[in-house]
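Q: Mind having a look at this structure? Questions to follow.
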Amino acid sequence: MADLKENLALLKAACDNPRARLDHYLSQGKKVVGCFAPYAPEELIHACGMIPMGLWGGRTELKLVKSYLPAFACPIMQSDMELGLRGAYEGLSAVIIPAICDTLRCMTQNWRFGVTSIPMIPIVYPQNRTSPASVDYLISEYETVLTMLYTITGNMMTEKALCAAIDIYNEHNKAMREFDQVANNHLDIVTPKVRHCVHKSAFFYEKSEHTAILKEIIEELKKLPAHNFTGKKVVLAGITCEPDDLLDIFEEYNMAVVADDLAQESRQYRTDTPEKGGGGLKRLALQWNNRYGCSLIHELGKPRGAMLTKMCQENGAQGVVSCMMKFCDPEEYDQPYYEADLRKAGIPYVTIDIDQQNTSYEQIRTRLQTFCEMI
Ligand code: SF4
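So that you can map any letter, position 36 of the sequence shown is 42 in the working numbering, and since no number is skipped, the others follow by simple counting.
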């Protein structure tokens, strides 16, 4: 059993060098499938005996991608495409692209023609989730994904393996939620950067391995006396809040992240797959229908504002930082609604621009400093 420091360092290393994680699994003779953000059916890949690995972009010079995507495509997809074109993902057996926003829809075609060495599997999730047909439709999408995975990799899934994978993912969700709770008593150790790294590293591990590390971290944290944090507590909303330079600014002004609504972080773990309700594929389809509070999923009544308000109240947060991914339409459409609800509830909020390629943070620094003094 590794100690707290060693485990946190392990997860940080995974975030700093996902390629090393890919090479690690390849060296074990495992097949790895890349999963485009935000929701790929990882359980299916896992159940086929392969490793799902998240593709969330990264810092790189955007050059080759300019022939494929316009400058106003979001930075995550720009860097994913650039890295794909440069061969950074060689070794992946396939990628799965959830065609869930306009940019991702374009990515399916760009990838197919630009990165011919890595086959692409698209999946389209239903948005009319109140129709019973949505479940049948999504099951048929999953079956298509499985057929393509089998054709490309030769790996096939069994119902037993799928049920086991669902259990592994549900257990991981539970551990992530527990980590978030326990972390709030140790905001001296679980700084915004550390919290982000624990969340993000899950994309680069087989999930039961990540759960095992998480459980050790949780146990070690529980043994320590609770820390009396005297700074400001905030909730993050958006797609991602990175890179680390940006999270450093939170630390600089003694701001802690006590909850989040980020697609890269808690949105991944807040909805379990139901334990009952049919076979594995049907239960996964029901999980999709149960997802909530996400800009990429159609929901009547726009409940995100109320959800963020509740998060602030439950975690003692003084405000919300809206992390607006550059040019992300789904988030931009949602923002006026949840901000209006936060205003009504008397919860302060501020918006910062997220761009993984950013190297200058002075505007964001000023905004966060002002926000911190205000709340
Ligand atoms: S949801 Fe936003 S961040 Fe994600 S791929 Fe679409 S435009 Fe990019």
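Ideal placement from N, C-alpha and C gives every residue a C-beta, glycine not left out.
1. From V326, C378, G286, S207, pick the residue whose C-alpha is nearest to that of N13; which is it?
2. Would you mind reading off the limits of the alpha helix (DSSP H) that contains C329?
3. Could you check whether D278 and N179 sit closer than 8 Å to each other, using their CB atoms as the reference points?
4. Roughly how many whole angstroms lie between the Cα atoms of S385 and S214?
5. Measure how close the beta-carbons of K288 and I381 come, nearest whole angstrom, since I'm counting them as under 8 Å.
6. Between the stretch 215 to 233 and the stretch 304 to 318, do at least 3 Cβ pairs fall closer than 8 Å?
7. Pick from L110, R201, F235: whose alpha carbon is nearest that of M182?
8. Tell me whether K337, by its Cβ, gets closer than 7 Å to a heavy atom of the ligand SF4.
9. Are the Cβ atoms of N295 and V141 separated by less than 8 Å?
10. For the beta strand (DSSP E) that K238 lies in, which residues bound it at each end?
11. Reducing DSSP to helix, strand and coil, say where L193 ends up.
12. Among the residues of its own chain, which have a CB less than 7 Å from the CB of Y275, if the five just before and after it don't count?
13. Return yes when at least one heavy atom of the ligand SF4 lies under 7 Å from the C-beta of L302, else no.
14. Among I172, A189, Q362, which has the Cα closest to the Cα of H52?
15. Contact between the stretch 319 to 329 and the stretch 343 to 359: three or more CB pairs below 8 Å?
16. State the Cα-Cα distance for the pair L4 and F185, rounded to the nearest angstrom.
17. Who are the Cβ neighbours of N397 in its own chain at under 6 Å, not counting the five residues just before and after it?
18. Quick check: does the Cβ of P249 come within less than 7 Å of any heavy atom belonging to the ligand SF4?
19. Does at least one heavy atom of the ligand SF4 sit under 7 Å from the Cβ of P44?
20. Using the C-alpha atoms, what's the distance from H216 back to C203?
21. Would you please state the rounded distance, in angstroms, between the beta carbons of D86 and G63? I believe it to be under 8 Å.
22. Comparing alpha-carbon positions, which option in Q319, V188, M126 lies nearest L152?
23. Per DSSP, what are the beta-bridge partners of I381 in this structure?
24. Which residues does DSSP list as the beta-bridge partners of Y355?
25. Does P249 pass the burial test, meaning 16 or more other C-beta atoms within 10 Å, or should it be called exposed?
26. Provide the residue span of the beta strand (DSSP E) that contains I103, from first to last.
27. Are the Cβ atoms of C41 and P336 separated by less than 8 Å?
28. Nearest to G286 by alpha carbon, out of P81, A167, E257, E67?
29. Taking all protein chains shown into account, decide if M162 is buried (16 or more other Cβ within 10 angstroms of its Cβ) or exposed.
30. Given this structure, state the Cα-to-Cα distance separating A139 from T150, to the nearest angstrom.
31. In whole angstroms, what separates the C-alpha of D29 from that of I255?
32. Would you say P44 and D361 are within 8 Å of each other, going by their C-beta atoms?
A: To lay it out plainly:
1. Selection V326, C378, G286, S207 evaluated against N13 yields S207 as nearest (Cα-Cα).
2. That residue, C329, is in no alpha helix (DSSP H); its beta strand (DSSP E) goes 325 to 331.
3. Result yes, Cβ atoms of N179 and D278 sit closer than 8 Å.
4. Here the chain has residues from 7 to 381 only, and residue 385 is not among them.
5. Between K288 and I381 the beta-carbon gap is near 45 Å, outside 8 Å, which marks them as no contact.
6. Contact fails between the stretch 215 to 233 and the stretch 304 to 318, because fewer than three Cβ pairs, one in each stretch, are under 8 Å apart.
7. Checked all of L110, R201, F235; the closest Cα to M182 is R201.
8. Reading off the sequence shown, one finds Glu at residue 337, where the question assumed Lys. It does: the Cβ of E337 is within 7 Å (strictly closer) of some heavy atom of the ligand SF4.
9. Yes, they are a contact pair.
10. Boundaries of the beta strand (DSSP E) around K238: 238 to 244.
11. Correct three-state label for L193: coil.
12. For Y275, same chain residues with a beta-carbon under 7 Å away, outside a window of 5 residues either side, are N179, M182, R183 in chain order.
13. Yes, the ligand SF4 has a heavy atom inside 7 Å of this Cβ.
14. When each option's Cα is compared against that of H52, the closest is I172.
15. Two segments are said to touch when three or more pairs of C-beta atoms, one from each, lie closer than 8 Å; by this definition the stretch 319 to 329 touches the stretch 343 to 359.
16. Residue 4 lies beyond the residue range present for the chain, which begins at 7 and ends at 381; the question has no answer from this structure.
17. Because residue 397 is not part of the residues shown, which for the chain are 7 to 381, the question remains open.
18. Placement of the Cβ of P249 at a distance of 7 Å or more from every heavy atom of the ligand SF4 is found.
19. Yes, since a heavy atom of the ligand SF4 falls inside the 7 Å radius drawn around the Cβ of P44.
20. Cα to Cα, the separation comes out at about 12 Å.
21. 5 Å between Cβ atoms; contact.
22. For the residues Q319, V188, M126, the minimum Cα distance to L152 belongs to M126.
23. Bridge partners of I381: none, in fact.
24. Y355 is bridged to V326.
25. Burial call: buried.
26. Per DSSP, the unbroken beta strand (DSSP E) holding I103 starts and ends at 100 to 104.
27. Contact: no.
28. Checked all of P81, A167, E257, E67; the closest Cα to G286 is A167.
29. Flag for M162 reads exposed.
30. In a straight line, the C-alpha of A139 is about 17 Å away from that of T150.
31. About 33 Å.
32. It is not a contact, given that the beta carbons lie outside the stated cut-off.
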